[in-house]
Structure formats: structure tokens, C-alpha cells
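Novice: Protein chains in written order, with our numbering: chain A, 1 to 488; chain B, 1 to 300; chain C, 1 to 657; chain D, 1 to 217.
The structure is reproduced here in C-alpha cells:
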């Protein structure tokens, strides 16, 4: 069953490369996404048996991330089909510089999407740390072509940065895994297998200096991929240049996968009694990420970049939550879900805005509420959700983290955390509100009928964000508790 | 008993215009003129009451209501003040707040009536009136608070009756300061020199008189009578503080009170004759002085 | 409690119906307003009963949200705030049915009705919530829904700007509350209100509450959003916001006081200081305004200041062991909450009537409206007299209680303790005088004299739906003025809840205060009678005389024109000049150069000093700092990898070595 | 045996310096290719004499991929890019070498601090591997062309691999292959990207990337 989770999208992805018909290819995309989602939901009812010598298994944390990825992918794939239909014409004129560009082949875009899903699923279910690494690197490779969907120089530049910087980071993570292997070697030469569970159970036998070094390398390596500052530098470019479908997945799903890599290391660190050391590092990087995001959100003129920096901010919040430990971990895991849903929705809405206004400049967008009522309303909803206002999901998770910080007596952390959140709200609200409200520029016409999925999908996500803000289902709470259990 | 309480009111109603007559007479005497008769204010009122009325086209019912409300509120305010040996008609804790705000109510309507004419001169007067009274109000309240602190009462009638020579004996400086502040407030509130000149004929420089330029006949009579009552009211407070004669016999006390009123009227006339009117911009400073005096009186 | 839940359900239904019938104007109006009105009327019943002394009620349900529970509790304190909330919401909704019609052609009214329902519901939940998470959610929902109502006319740039300011301010306020409640929860082990109790660090809690709730209430210097947001909103929303929404800040403060245990004198002093600066600055800035609704908004700051003074005096009274001072102070503050709700809603609605027909809020463009809008004018006059604290109206009663408390405090405490009392006393007097100046200006220039512009010339009276709420509120102002004593007497449980004083003490002193209030009311009635008598006499006298009309006397100038009238700016000028130091009014005078000058212009503008000298520089410096750091992201891949390398080496060196 | 290992390690260190000092792009690719071959050799030497089929085949395939396949890809990319075949460093070669020496010192120090739990065959192992990784990063940071950056990435990867080989890590075959595949695909994709970059920009100088910045304009 676990193998199927990975294999279905992988095979479907390979198949789609060779399918000529648009209709069939899109059908394959939807059906693969659907099957995978059903399967992963089924794992909540019927726990799957470990596969490949327990290399692939579902632990609570992995299950959560896996399901989230599947569900998000399903939503995005509905959107993607509609999006690709709208993007049919092969050449476009760039709306910033006016040159003519074409899109990549739809077949390779769809194929890469599915392979990307396969890689992300593999990340979620790998229990073997080196395999995890392989999977994370695979996500980079599968997603790079997605960013270069629009064939022009800015997206190319973004792709290059993404590819190179993430590869460098991931290479460091590999070094970290080797360090971990050294740490797992006993003086007598016997070793602990690089399995998550084995390492956790034998954590007290680990060589502390090597483990610390390994943790730092893993943090920097996966942190690069996750977008922790100051390794986040590729992120705003990649997320803003990619088509919105890809941006939604990059922000909503991929960052979680990279975060999972760090969480695996954190689990071992907690088991080894080094939570204070690793927690402090996570806390510092988390706060730095939030601060850096705040700096770039204020005065940001490109709304997709703004969303990208907001992802950096939220990755920072996750790191702070996990770094604090205790009840904050629960908040952090909850925040993973809330952020993914909210951010994916925002990126999809941004795609809709982009399609109508043909500019990424915040100044060029106004009156979205009257031009695109649903998208405009969702944009505002997303703004309030992502800045942590009740009654939306992120409020609850951010509140939980804050409460944990204050309960632990980490007043300074709480103060910094809150001030940054306030600055980000102020910085984000000004341009985002002006986009939704006001009178639209004269040349914008809400004319051409757009596919329902383009607003229905983000609307669904928006409803989910709202519901999670006023009701956290007990089954989810239990799953979150279990997932947070091993993280201190 | 009831008669005793009504007496201060009757005295006030009867003698208030006389006080204005005394002031005017004092000024004429000092200026070396014969001056108008002491009873002239009564004649004026009588004459006004027998006139018709002329209203501007711009005015509304506010203009007609103003004098009535103003007079009504002053009449009620007088019911709170004792005179001589007689307590006020009504007394309860915090009644002087009502007193001050009844006067404010009167002012509110007079000012609105002035604005109702649409004349810029009356607007100007109204503007000055509210400015100076806004500053006079804290001085009045602080003075009352100073008295309240000395006597331990928070109702005006017992408070004024409680001021005695023994209080003076042990808190003379405070009472002196309070008295000074009260006199400044008295001059400001009643449009006397050095704040305002009731006899000027240049509209640009007037305060109270310019506000009522458009009133005539019975309306104007009400306003003038109200002004006289207001002066009487303030004077009563000052006299009660300055001449705390409690002989035991109410009639003697009342006579002493009346004598005090006479002296105050003459003093006012003397002040008016010996001083020039202040520049309008300096008036707030004078009122500020009153506030400072009163605060000192309380704080000491 | 069932009625209250039903009331909340009505609001919910109204909100849902507003979405469903978004395109059907008549249904939308029916259901949108119907939800608010039905919900409010339904909720008024239990609220009034508990406010008049019925036992508290509560309702608790499990709620699957971290640390949350659906825990509602209606006690005397909640009920006292709930009554004006429901009252004003219902009236505002009625008003809105006609007022919003003007926008019908231009935009969808669905958001306005949707968020009005949400706002009403969230305000109700704010005062009912007995769990911190629920409270915070309702609190933010209240802020968000009112934000959307404020930005209803978002096609105007100034409105968007105001919306942003409001949003950021309320968010920052909420931030303090988050910390406050989490710390309270930490100290008491639960986030339910009934588990909160006296804990160490009460002073810190008080300061946090002051900052958090003060932002909503509009305490200086946290008030800067208020004069922006309230005028920008549609008038019925301005009425709700000014009249009741900002009072939830006062509610929160009082609610927190019930948790904190013994009150300390410095809390009271702090509140007195805040109240004084809010009151004086609020009324001074109001005087300097040219925009009628902005003027009213600054008066909200002033009145919140008066309420803070009352609470401050009350706290000082409690801490000094002077029950009368405490009782009168709190009673005055509470009564002023109710009174301000009534007269401020009335004034905003009347301002809405004016804006509705003249399409301007510039005071200096209006004039002579009393003849054209007699009902609006009469109710506005009642509101203006009430807000200036004049007898026999309700505003005087509450200020009277606060005056009494501070007089009593000044008389019975030592030199040290008397300072805040005396400051309160003279401050109140100054505020009262200035408010009188301000409202003679507002009423005099807007309604009296002659119209100063074409628009005012053609003003027409509003319809019944827009007038009826005004009548109700004006009647309320008179009734509370005459029967305030019974309201004061009903406050005993509420005050004992907040002050923790023995109820026997409270009962005695409250009776004393109520007696004075009753005497004042008698005087009020007498005053009305006396005025009526004089009016009768005057009519009698004039009946036999010649009454004629003529031109206003203008020193012999024969044909005065409306343009020659005194203006609002010139009316306020002596005061704004006297307080130049605080107001920093900017004046621009051009022309008057040649012997026969052609054209001269004069402009004056008064910025909010805190906005100009505190918040603008603060936000600018944040902007500058971020702009300074932004070159970090300059594009080159090499530099980016360098960041990674340097950080890695630094962390390695730090952690390993 | 340990002398052999030592000499391989010294050679690896030398390749690092060569990478930093060569001015020709082609020479650099050759150096990295040589590194790949050396790595394969190192991996075989570290088998402690017990030669198994996978124990030989894996290092061989590593050498094949890293020594021939990837360099070939890079050559192709370079030819397609068809630009100046100079390295075009951002800092001078001398400075590069000085930086390299500094990095070597740091690597030696780090090797001192982090002692392997079991006695390694050569004390140079850890420092040499770390040095190689650092050199890779140094190349990325200090060179202008996209091709050089791919090369730097490869050198970094080689260093990491060398570390793995050096500590005689017994990773499962599947994982080893996966890692290898990742590196291969990575460089392959980079090659494609370089091709596009050269077409799109008419240069492959990544320091001129500035379309997406947050520098105030």
C-alpha cells in the first residue's frame, strides 16, 4: 500500500510524458491525484504495513504530511486542469517587459507535477534517512521544470537559483547524514542503522559532537530547501516566477517536506536529550526568518513575492514552534496544515488575479472585489488568515505557539514573535487591501468567462482554513498529538 | 421655615438689578458725572417688557427659546444659594455642580441664539463667550473645591454657612486665594472690566453685549434680568466667603449680607473705573491666574 | 440564556441570508436588517432583566479548539454593556435600511448587511464570553467585521487609508490582549474567566489590559485610528462603533479588574491621567475639526476620557478605602457608558442625515439646516446639549456622579491623595467648558444662520426610518436625565462585582448618590416647567404687541450675505490659539498683497499630534530600516551561496568549538 | 594500503587547488573528472580488502558517472553555450588560492575537533573531504559562469562523497544508487538550464542576474 502511494503518481507521471492527447493526459492527472488521495485517506482507517524492510512506513508525522500533500495536490490538480486549458495558446506576451514567450510542453509540465508528487510522498513515508535525502533531492529536480513553465528569462533565472542553491543545500544535508552515520558508529565499529526508529531508540549511544555537527548540517541543508533565512534567498524568485499552480505546491507542500527532514533530525535530537541545543538553533533561525520576511514584506511591490516571503515567515514560525518544544510543537504541526491550506489558496488566487490584471505589481491591481468577486473576497480572507487573525486556522496555531512560549517563560521570544507578526500585518495589509478594494483600472474588464474550478478550488481551501479556525476535529487533534509526541 | 428659605430668592429677584445700578452710579461718581438714577435698570426692564419684538429673517425658534431657557436656569440656580442667615431653598450633595451647569445651560442657549442671527459680530461675541467661560469653569470648580476642603461640605448652602471667622482664622491664606480667584471668575462671568466692557459701543470689542445685539423687547428684558441675577448669584458666594458673619440672628445676618453686596458692587465700580479693559488675547492669561490661585488654595 | 442564543442565531441567520439574497435588493434589506433588529430585540429581554438585578445565567459547551470552550455568561457587568449594544444595533439597522439605499445603484449592499449582522453578534459574544479563546475570537471578529464596514466606501482613497490604520491599530491592540490572556491563563491554569483570580504581577496585567483595551476604547495616545475610521464608515456604522463598539474596550478593562484582586492606587492615577489627556486632547482636537463626523469622532475620545476618569477616581476610592468615592466614580463611569452610547449614536445618525442630503460633512459649507430639517435639528440639539453635559439631560447625570466622586475624594483625602481628584475636577470642568464651545459651534454653524452653500440650501429632511432612531435616542437622553436615579440604584451588583467591596457599603453609598441624582432630576423637571412657564408668559405678553421681522443687525450694513457669517473655524479660533502648543494648527494665508486685493485664501488644518509626532515617525523609521536591509536580496547567486556558507561556518564554529 | 589511501587523499587536495587556479573552463572540467576517478579508487581502497561484487561495482559506476558521464554533459553544455571559455572569476586566482589555503587550515582544524569514533586509516581523511566540499562552495561563490557553478556543485558533491567513502560508510546499495542518480539528474538538469540560459541571455554569467531582486529601485 505504501509503495502504491509512491508508485501511482510516479508511473502516471512517466506515462503522461508520452501521452499526446490533452484530454487523456489531464484525465490521468486527476485520476492519479484522486486515487492517491483516496489511498492516503485509507491509511487513516487501515494502517499500512511497512514496506521494503521498514524503509517505507507511515508514522504519525509522516502520515500527516503525506495526507496533507495528497489533498493539496488533488485540489491543485483540479485547478491545474482548468489553468492549462486557459493557458492553451502557446505564445504570450510578457506583461512586464512585453516580449513574446511560450510555455513549456504541457505534457512535461503535467509529468513533472506527478513526479513531484511521487517524490514528496516518498519524503513523507521514508524512514531511512538517506532515502529521505534522495527523495528530497528528487523533489528539487522534479519541481525545477515546473518553475520554468513560462519560458522567459526571469523564470529561467529563478529556476537556476532554485536548482543551484537547493542542490548546494541538499549536498550539505548529505554531508550531515554522513556525519550522523559517523555519530551512529560505536567505538567498537558496530553501527546503528540510519533508520529513524533505530536512531531514536539508540539515541543515547550517539556520539554527541558528531551528532551536533550533523544536526547543524541537516538544519542548514534542509533549511535551505525549507526557506529558513538566510538560506531562503532562492525562494521568493522561484515562488513568484513559477506558474501559480506550481507556486501553490511549492509553498503549500514542498516546504513541509523539507521541514519534515528537519523534524526527523529533531526527533533524534530530542531522544538523545539534546533538545535544548537543537531547539535553540531552531528558535534562532525561526526568529531570524520571521524578521527577514518582515523586512522584505514591508514595501514589497510584487504580490507573489510578498506571498513567498510570507512563506519564509511561516517557516520561521514552524521552526520557532518546534524549537520551543512542549505544547508549541502541537501548535507548529497544526500550523503546518493551516499554512499549507492558506498559502496554497493565496497563490491560486494570485494566479487568478495575475490572469486578469496581467501584472504582479501590487500597484497595478485594484478593485479585485468588483472585477473578480470570489477571488477578491478570498484574497482578503487569505490575507487575514495568513496574518493570524481569528476566526481562521492560523490564529489558533500561532496562539498555541505564543501560549507555549509565554508558559515556558520565554518572554523575549514571545515579544519578538508578536512584534514581527504585527509589523508583517501592517506591511502586508497595505498593498493587499489596496488590491482587493478600490476601483479597478479602466482597461480591466471582467469579461471572458473563466472556468469554475479556478475559483471553486481556492474557495474550498478557504472554507477549510475557516473551518479549522473554529473547529479542530478531534481525529485531527489526536493525529497532531501523536505527531507532536516525538518532538518533545 | 419655608419663608426663610424662600427669602434669599425673593431678595435676589428684587435686588439684583439694583446691584447693577450701584455699579453704574459708582462709576459715574468717580468719573465726576451725575450719573443715572440707581433704579435705572428697573426702568429699563419695565420699558423693554412693554415693547414689541423684531426678529431677523434668519432666526429660528432657537433664537426665541434662548432667553427663556437662560432665565429659567438662572432662577433655578438661585434656589441653591443661601443668603445671609437663611439657607437655600434646596440643598443636596453636589448641588454646586448643578449650579455651575445650570449657568452653562443658560450660556449654551444664549450662544446658540447669537449664532442663529447669522451675524458675524454676534458669532464673534459667542466665540469669545465660550472661550472665556471654558477657562473660567475650572477656576470656579477649584475654588469651590478649596472651600469644600476647608469646610468638609459638598453642598453649597451648608458650605457657605460653614465658612466662619474661625475658618478664616486657621486658613486665612487659602481663603484669601480662593476669594481672589472667585473675584476674577465673577468679573469674567459677568462681563465686567477688565474682561469685557458692558458700556462699550464698538461691536468688535464686546463679548456679552454683542451676543445679544439682535434681541429686543421682552426677550432682551429676560436676558438683562438674567444677567443681573447671575451677577447677584456670584456676588452672594463672594460675600458669603468674605463676610462670614454669623451673629445668630438671621435678620442681622441678612442685613450684613446686603451690606456686603453693596460694598462689592461699589468695589466693582471702583475696579471698573480704575482699570482699562484687557486686550482680548490677555484674558485667557487672567483666567489662568485664577486657576493657579485656586489650585494653590486647594493644594496648600 | 436560550433567548440570548436565539438572538445570536438571528444574527447568524441575517448574515447567511445577506449572502444568499445578495442580488435581491428588497429581500436583502428585509433579512439583513431583520436579522439585526430581531436578534437585538430578542437579546434585550434577558439583558435588561439581568441588568435590573436578575441572577446571572451561563451556558457552557465543549468546543474542539485548543484551550477553547463555548462558555457564555450573562452577569450584571455583561448585561449592562449588552443593553446599549442591542439597543444601538437595532436602531442603526433600522436607520441603515434607508441610509444605504443611496449606494444601491453603485455597489452591492450584501457586504454591508452581512458584516452588520456579524458585528452585532461578535459584540454580543465579546461581552458574554467567559473563555479567553472565545473572547479573543469574538474580539477579532468584531474588529474585522467593523473593518469591512468602515471600508464600505472603499473607492475613496482616504477610506482605504483609514481602514488600514484601523486594522493595524486593532491588531496591535489585540496583540497586547493575547499576551494578557495567556499570562492570566498561565497564572491560573485555565483560560476560562471564572478560573481567573488574583495573581502576582497584577500591575503588569493591568498595564497590558490598558494597552490592549485602551486601543479599542481610544485612550490617548492609542486613539489615532479612531478619528480616521469612524468618519469613514457609513453613518449608522459610525454610530455603532462610536456608541458601543469602543465601549467593549471599557468592558474588557472592567472585566480584567474583576480578576485582579485588590486595586492599587496607581492604577487609578494612571487612568485619571489617561482620562484627562484623552478628554482634554479629544475635545480640543474636536474643536479644531472642519469635518462634522471627525469632530464627533474626537468627541468619542473625549467621552472615553471621561469614562476613564470615572473609573480612575473609582479605583483611587477603592484603594483609599473611600467607598463613596469608589461607588460614585464607577457608577458615573458606567452611566456615562450608557449615556454616551445614546447621545453619540444620536449625533452620528443626525450627521448621517445631513451627509445624506447635502453630500458634505464640511461644517463650513452647511448652515441654516434647522429650517430645512427641523426634526434632525431638534434631535441634534438634544444630543449636543447632552454631550455637553447640560441638565436636565443624561450626560449631566453621569458627569455629575464623577464630579461628586472627585469632590468627595478631594475633601476627604490627604493632600497627596487629593491631587488626582483635583486634577479630575478641574479637568472635567475644562472638558465641560470646551465641549460646550465645540457643540455650540457644531450646532450653531450647521443648523443656524443661513446656508453657506448650494447644497445646504437644498437640504431636505430625511425619511422616517432615518428619523425614528433619532427620536428614540433623544427620548432616551431625556428619560435617563429624569430617571437616572433608578439606573444608578440598579448598579449595585455590578459595582460590587468590579470593586470587590461589601454590598452593604455599596448599597448605602449608592443610595446617597442616587438621592442626589434624584434631586438633580427634580431640578431638571422644574427647569422644563419653568421654561414652559416663561414661554407662556412671553407669548401672553407678545400677543398684544407688534412682532415684525427685519434683517440681522450688522452695524448698519444693509445687506448681509450668508458668506459674511461667522464660520466654524473662526468660532473655534480663540480656543485653538490658546491651546496652540498642543494642537499645532497649521495655517496658510495667501493674498492681501495689493491695495485692492483680488483674492485671499486662508486654510487651517490640525493634525493629530500623536499621529504626526509619534506614529508617523515610528512607521517611517520601520520603513527606513527595512529599505536599508533590502539590498541583501540583490539577485546574484554567488552572494546567496555565500550567505549559506558563512552561516554554516558561523554556526559550526559556535556550536562545535 | 594506508600509504596508498594517503596519496589518493593528497591528490584530491591537489585537485582542489587546481580547480581554484585554472583559468580554462575545459581544464576545470578535466580536474573534476579526475576527482571522480580518484573517488572511485578511494572507495575501492577503503573496502578493507574484502572485495565483494557490489563493493567493486558501485565505486566503478561512481567513477564512470563522475569521471566521464557528467564531465561529458558539462562539456556539451559548455559547447552549446559557446561563449568565452575562460573561467572569469569574481576574485583573482591568487586570492582564490589564498582562500583555498585558509579553507584547508579550517578543514584541518575541524578534522582535529571532530575525531572519528573508530581509528581511521588516514588522519587526512576527514580534512581532505571537508576541504573538497569547501572548495566546491568557494568555486560557486567566486566564479561567474553558470557552468562553473555546476562544476562547483559537482566538486562539493565529490567532497561529500569522499567523506562518505572515507569513513567507510556502508550505505545500502539502493541508496548509493539513488544518490548517484540524483547527482546525475541534477547535473543533467543544470546542463539543460545552462543551455537555456545561454540562449536567453547570450551570456551565462549568473552574477548579472538581477531581474528578481528586492533592491529598492
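Ideal placement from N, C-alpha and C gives every residue a C-beta, glycine not left out.
Since this is a predicted model, take the numbers as computed values, not measurements.
Just tell me which of B:59, B:98, B:281 and B:232 has its CA closest to the CA of residue 257 of chain B.
Specialist: B:232
Novice: Spell out a yes or no on whether the region 229-243 of chain B and the region 257-266 of chain B are touching, meaning 3 or more CB-CB pairs, one atom from each, closer than 8 Å.
Specialist: These segments touch.
Novice: Let me check one thing: in DSSP terms, what residues is residue 103 of chain A bridge-paired to?
Specialist: Answer is A:150.
Novice: What in chain B is Cβ-close to residue 520 of chain C, meaning under 7 Å?
Specialist: 98
Novice: Looking only at its own chain, which residues have a Cβ that is under 6 Å from the Cβ of residue 29 of chain C, when we skip the five neighbours before and after it?
Specialist: Counting only Cβ-Cβ distances below 6 Å, and skipping sequence neighbours, we find 97.
Novice: I'd like the list of long-range same chain contacts for residue 482 of chain A, defined as Cβ closer than 7 Å, with 5 residues on each side in sequence excluded.
Specialist: 60
Novice: Whose C-alpha, out of B:289, B:276 and B:59, is nearest the C-alpha of residue 112 of chain B?
Specialist: B:59
Novice: Does the beta carbon of residue 250 of chain C come closer than 7 Å to any beta carbon on chain D?
Specialist: For residue 250 of chain C, the answer is no, since every Cβ of chain D falls outside 7 Å of its Cβ.
Novice: Which partner residues of residue 129 of chain C appear in the DSSP bridge assignment?
Specialist: C:72
Novice: Check whether the region 181-196 of chain C touches the region 138-150 of chain C, taking contact to mean three or more Cβ pairs, one atom from each stretch, closer than 8 Å.
Specialist: Flag = no, the region 181-196 of chain C and the region 138-150 of chain C do not touch.
Novice: Taking only beta-carbon atoms, is residue 225 of chain B less than 7 Å away from chain C?
Specialist: Using beta-carbon distances, residue 225 of chain B does not count as an interface residue toward chain C, since no partner is under 7 Å.
Novice: Determine the contact status of residue 305 of chain C and residue 402 of chain C, defining contact as a CB-CB distance below 7 Å.
Specialist: no
Novice: Going along chain C, which residues have a C-beta under 7 Å from residue 137 of chain D?
Specialist: 641 and 645
Novice: From the DSSP output, in three-state form, read off residue 237 of chain A for me.
Specialist: helix
Novice: Under a Cβ-count criterion, where at least 16 other Cβ atoms within 10 Å of its own Cβ denotes burial, should residue 278 of chain C be classed as buried or exposed?
Specialist: buried
Novice: To the nearest angstrom, how far is it from the Cα of residue 472 of chain A to the Cα of residue 347 of chain A?
Specialist: 24 Å
Novice: Any beta carbon from chain D within less than 7 Å of residue 304 of chain C's own beta carbon?
Specialist: Closer than 7 Å: no.
Novice: Report yes if the C-beta distance between residue 615 of chain C and residue 224 of chain C is below 7 Å; otherwise report no.
Specialist: yes
Novice: Answer yes if the region 232-243 of chain A comes into contact with the region 162-181 of chain A, meaning at least three C-beta pairs across the two stretches below 8 Å, and no otherwise.
Specialist: yes
Novice: Compare the C-beta of residue 656 of chain C against all C-beta atoms of chain D and say whether one is closer than 7 Å.
Specialist: yes
Novice: Would you list, in chain order, the members of the region 118-149 of chain D that have their beta-carbon closer than 9 Å to a beta-carbon of chain C?
Specialist: 134, 137, 138, 140, 141, 142, 143, 144, 146 and 149
Novice: By a C-beta neighbour count over all protein chains shown, 10 Å radius and 16 as the cutoff for buried, is residue 305 of chain A buried or exposed?
Specialist: The residue in question, residue 305 of chain A, is buried, as its Cβ has 16 or more Cβ neighbours within 10 Å.
Novice: Could you have a look at residue 549 of chain C and say whether DSSP puts it in helix, strand or coil?
Specialist: strand
Novice: Could you say which of C:74, C:88, C:157 and C:114 lies nearest to residue 127 of chain C if we only look at CA atoms?
Specialist: C:74
Novice: Would you mind telling me which residues of chain D sit closer than 9 Å to residue 103 of chain A, beta carbon to beta carbon, in chain order?
Specialist: What residue 103 of chain A touches in chain D: nothing, since even the nearest Cβ is about 14 Å away.
Novice: May I ask you to verify whether the region 268-283 of chain A touches the region 146-158 of chain A, counting CB pairs closer than 8 Å and requiring at least 3?
Specialist: no
Novice: The alpha helix (DSSP H) spanning residue 159 of chain C covers which residue range?
Specialist: Its alpha helix (DSSP H) spans residues 157-188.
Novice: Thinking C-beta only, is residue 155 of chain C closer than 7 Å to residue 438 of chain A?
Specialist: yes
Novice: Using only the alpha-carbon positions, how far apart do residue 281 of chain C and residue 582 of chain C sit?
Specialist: 8 Å
Novice: For chain A, is any of its Cβ atoms less than 7 Å away from the one on residue 156 of chain D?
Specialist: With a threshold of 7 Å between beta carbons, residue 156 of chain D makes contact with chain A.
Novice: Buried or exposed for residue 176 of chain D, going by 16 or more other Cβ atoms inside 10 Å?
Specialist: buried
Novice: Taking 7 Å as the CB-CB cut-off, is residue 660 of chain C touching chain B?
Specialist: The shown model of chain C, from 1 to 657, leaves out residue 660 of chain C, and the question about it has no answer.
Novice: Beta-carbon of residue 304 of chain A versus every beta-carbon of chain C: anything under 7 Å?
Specialist: no
Novice: Do you know how far the Cα of residue 617 of chain C is from the Cα of residue 53 of chain B?
Specialist: The alpha-carbon atoms of residue 53 of chain B and residue 617 of chain C are separated by roughly 59 Å.
Novice: Can you list the alpha helix (DSSP H) stretches of 4 or more residues lying completely in the region 131-212 of chain B, in chain order?
Specialist: 156-162, 165-189 and 208-211
Novice: Could you compute how far the alpha carbon of residue 427 of chain C sits from the alpha carbon of residue 508 of chain C?
Specialist: 28 Å
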